[in-house]
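Report on the following structure.
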Amino acid sequence: MRESVIGRQRSIRRTGVAAIALLAALCADRAAAQTEEIVVTGTRIARPGITAPNPVTVLNSESIALTGLQSTVDIMSQLPQTQVNLQPSNNQRFTNGIGVSFTNLRGLGEYRTLTLVDGRRHIGSLSGRNGSGGTSLVDTNIIAPGLIDRVEIVTGGTSALYGADAVAGVVNFILKKNYEGAEFTGQYGQSGHGDAKTSTANGLIGQNFGSKRGNITFAFDYNHDTGIVGSDRDYASCGRSLIPNPASFTGTDGIPNNITQACTKSSVFAPNATVRTAVDGNGPLAYTFTPDGSSAIRFNRGTLINPPGTRLGGSIGTTVGAGGAGENTNAQLQLRTPNTRIIADTLVNYELANKLGPLETVNFFADVKYASSRNSATNTGHFNNGAPAATDPFDITNDSAQSALLIKSDNPFIPANFKAIAPGNFSIQRSNYDWSARTGTANYEYFRAVVGFNGTLWNGWKYETYFNYGRNSTNFYNIDRVENRLRQQIDAVRDPATGQIVCRDPAAQAQGCVPINPFKVGSLTPAQYNYAYTLTHENDVLDQKNAVVNLSGDVFKYATPFSGTVAPVGFAAGFEWRRENGNSQPDFLTQSGQLWGNQNAPVVGRYDVREYYAELGVPILRDLPFAKALDVDMAYRFSDYSTSGATNTWNVAVNYAITSDVKLRASTARAVRAPNIDELFSGFGDNFLGYTDPCSSTNINNGPAPANRLANCRALGVPAAYNQNDFTQAPIRTGGNPLLKPEKARTWTAGVVLTPTFVPGFTFIADYWFVKIRDGIQTLSQNAILNNCVDGSGPSPLFCGLITRNRDGSIRTVVAQTVNVGKESVRGVDFDVSYSFDLDRVGLHNMGQLSIQGLATWVPQNTQIAVPGDPTFNLYRSGVVGYPTLKGNIRTTWDYKDLTLSLNARYIGNAETFPNQTPVATGRFEAADFNDIKPFWYFDLGGRYRWNNLTFFAGINNLFDKEPPQVPFLFSGSNQTGASLGNSATGDSASTYSNIGRYFYFGTTVKF
């Protein structure tokens, strides 16, 4: 059957819209290209032409080049089949995943997309959602766009053929190989703002040898992306915050509960310190200090839209304000991760022997690759906020390491005018950005070697055996501080003997403690900095060993019924053994919990799997008036995991070509996703994922049973005045579970392919797909844990036991463990319409060829049941930010002699921001004053000109400089603030809308 190919059809010489043109170009003998048997992703059986049992979309190298993008995941994100990919615009928020990029088919999660390279598994990433133990996720950043020949994307579960993880489908990157000659490409690009600068150099060098029996190809790639920070964009520097609406007093009054405030600043942090303690008859946060720390002044917090008496309460107030003298923390966030990558890949093929006993041919092949990816991320300072310990300034045993700093009354740095009105102890809050930003770097090094043999047997069957070894060595470095030491520096006194200001603790003095004036704005001296601040280090290693044997051929040929046409019954079988071994070792300080930041435990674990598979392709009918071809394909795989035991998968597909013009196809499959090392063995680590505290005064009267919530919160000791808005978000501690079992999924697809012979060059493809998952591996939502703790008839020992609170009622941490509890169901339709024709047809003689292709995916359902039996936490994601109901693009390409011009229009459908809110009688969603983002169009223009052995290219992406929606949470990937309002999508939505702006690029390719 004809498959979807993203590209253009200029001639057989160049890849095109029609898959037959693309795949025929892969054959050495072009005259015989139409009859040579090939293997495409989605089957192990070699087939004539382009027959395939599952829908396959192909993205060819020319279409990749026309994007002008040098990040593979950015290219994949433009495809309508993908949603909320992890990419440079949103991969900063995971401290153990800075810079990694993962493809996410159907929005079902990266873990459910199997990524292959040349049809084989690739070493995965050490960066998981819990920790750094090791996953199957392939970092596409180390697959350079310039080295890709094509990408094949298979819809539907294909675990029976490729093993675990192929639930949503398979992304198979086919690299350039068997190359003879040399070509080099250099490219430079930058945004219209003068940032996001990207420099790229890549090349291919290939040579046949041994009378053309062998070939060696060397490929390399270098890329440097400078990234973007919040201060580089006006819309990011001018923060937009969601704040309580003073006009809303109930949850069902038809008035938005929250409203958007533009250009907000922090109302709790000043450039230096703010006084948390109520002083001189004024409330908390009434005072700050002059930049030199010599005098106390009133703190202008700006306009706070959270006065006492509103439905959302009062106390200290919101953490943001309009105007005022607060610190602008938005400008400190990173919008795009800087990255430098280096890739070197050597591929060797050599025909060793012919007619060696039962072996008709014996070929040796090897693929040896080294890749390095270096990334960095910068965030806000190591802030201190929230209630401190009652008397001890460096007691963090009962309070969060991020809690406010206690200043004792004899501290000599206290300005005299403040000491006059506050003679006792008091506490201060501080962002500490002037002392040090939270800066992290992640260096990933990959080595992969595939060595094997393939060929044909005496009977025409094909065999392949290979050993695949991969190693990922990762080093994470983060600037952090030893919290006790910082508090020792803050607790200063004047030495009566010398008159000098020193640290109070003599033991700290002996260790080199240098006091800090917290009331002053400015950087620390080296001695001050080095006493408390430190560079943490975590070294992680993931090893993958994979041995595979494949065998395929025709079992027999027979005369099909009615027509008598002889057709072969194809068969493929194989064995696969794989071992994944992960070892993550944070340094001592990170494990000890003495630091301001995340406390992470080591992860050591491994698993083995042995698998057997078989595939059978049976021709049922051939060459009949009502059936040009009817085929049934069946596949089965048995897998035995050392951790979770035995499981099996299967697949059945039917292909029905009514005529050469009309083809139908359908399939159903059982797929699985096995738990990885990260999910099985991760120690508990901290992530700042956001939450909504039901015991906050802003939420205490909400929920399914407000009376229960109120009584249970009081029974837990939470004060009535506690307001979540007065505190920064506490960490969520996530960890693994060795008792996890594989996820199970059922998938269905049904499609039609129309290639009318009376309209040459026209193709219409539509494929329906449906994926249903049970026993989903997921971490219980922090909001589910919090609400289930207090919304029952009494405090739940199970859920409340996972929550630790400080003495002021604020949350210190929430523990969330991975479990087999989730259910998901996603369905949609993929469309591919393409038309390619010579302009002679419309009277424009000798003006070349025009190709138009439209791709779209419609997803009316995307439902996640996070806690079965509790619909409160169901996620209805279809049409939510990051999960548009309709996404697509239309590329128009004009080929005229040696000139190619292309215009690509990308569409993202309208999206809601809060999907789980129940409409009130007015029909409005009350979560916020914004709940609908209008459809977005992006336009990309590119061109290429070929002159002798040179190709010049240039382009402009986001031609009209479209900015992301001016809505809170959408353009900053550095945090997941949106999760605090029950919307898990907003943390990932930075990958949906471009924050680069207009982007220019140009370059040259030279061939020898």
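The sequence shown begins at 0 in numbering that gives the first Met the number 0 and counts up by one. We put the beta carbon where it would ideally sit given N, CA and C, even for glycine.
Closest option to F959, judged by alpha-carbon separation, among Y944, L902 and R945: L902. Under DSSP, R804 takes part in a beta bridge, and its partners are I810. Given a length threshold of 3 residues, each whole run of the beta strand (DSSP E) inside the stretch 552-623 is given here in chain order: 565-585 and 602-623. If you look at C712, you'll find it in the alpha helix (DSSP H) that goes P705 to A714.
One alpha carbon belongs to G941, the other to D224, and they sit about 20 Å apart. Closest in alpha carbon position to L136, among H121, I142 and V150, is H121. Annotation for P505: no beta strand (DSSP E) segment contains it, though the alpha helix (DSSP H) segment containing it runs P505 to A509.
Just measuring C-alpha positions, the residue of E579, L753 and I147 sitting nearest A673 is E579.
Minimum Cα-Cα distance from V820 among the listed residues G791, T803 and T778 corresponds to T778. Classified as exposed, Q510 has fewer than 16 neighbouring CB atoms from the shown chains inside 10 Å of its CB. In its chain, beyond the 5 residues on either side, F466 and W576 have a beta carbon closer than 6 Å to the beta carbon of A546. Note that the stretch 725-745 touches the stretch 767-785; at least 3 beta-carbon pairs, one per stretch, sit closer than 8 Å. In this structure, the beta-carbon distance from V879 to A910 falls below 8 Å. Secondary structure note for C502: its beta strand (DSSP E) is the uninterrupted segment I500 to C502. A residue is called buried when at least 16 other Cβ atoms come within 10 angstroms of its Cβ; F561 does not meet this threshold and is exposed. Here H121 is not bridged, per DSSP, to any residue. Rounded to whole angstroms, A365 and N207 show a C-alpha spacing of 15 Å.
Of the candidates I406, Y530 and L550, the residue whose Cα lies closest to the Cα of F452 is L550. Residue pairing by DSSP places A855 opposite F830 and G887 in a beta bridge.
The beta carbons of I97 and A441 sit closer together than 8 Å. Leaving aside the five residues that flank F763 on each side, the residues in its chain whose CB is nearer than 6 Å to its CB run, in chain order, L753 and V832. In the three-state reduction of the DSSP assignment, V170 falls in the strand class, which pools E and B.
Rounded to whole angstroms, the gap between the alpha carbons of T134 and S430 is 35 Å. Put simply, the stretch 253-263 does not touch the stretch 374-386. Fewer than three CB pairs are less than 8 Å apart.
Per DSSP, S236 is one residue of the alpha helix (DSSP H) stretching across D233 to S236. It is roughly 52 Å from the alpha-carbon of G716 to the alpha-carbon of V828. In this chain, the beta strand (DSSP E) harbouring Y286 covers Y286 to F288. Residue state for N222 is assigned as strand, using DSSP reduced to three classes. The beta carbon of P794 is closer than 7 Å to those of N711, A714, L715 and C788 in its chain, skipping five residues each way along the sequence.
With 16 or more other Cβ atoms inside 10 Å of its own Cβ, E61 counts as buried.
According to the DSSP assignment, Q488 belongs to the alpha helix (DSSP H) that extends over E482 to I489.
In the pairwise beta carbon analysis, the stretch 200-215 is classified as touching the stretch 165-184: at least three pairs are separated by under 8 Å. Excluding sequence positions up to five before and after Y767, its CB lies within less than 6 Å of the CB of A749 and V828, all in the same chain and listed in chain order.
Under DSSP, N903 shares a beta bridge with R890 and D939. Rounded to whole angstroms, the gap between the alpha carbons of D837 and Q848 is 4 Å.
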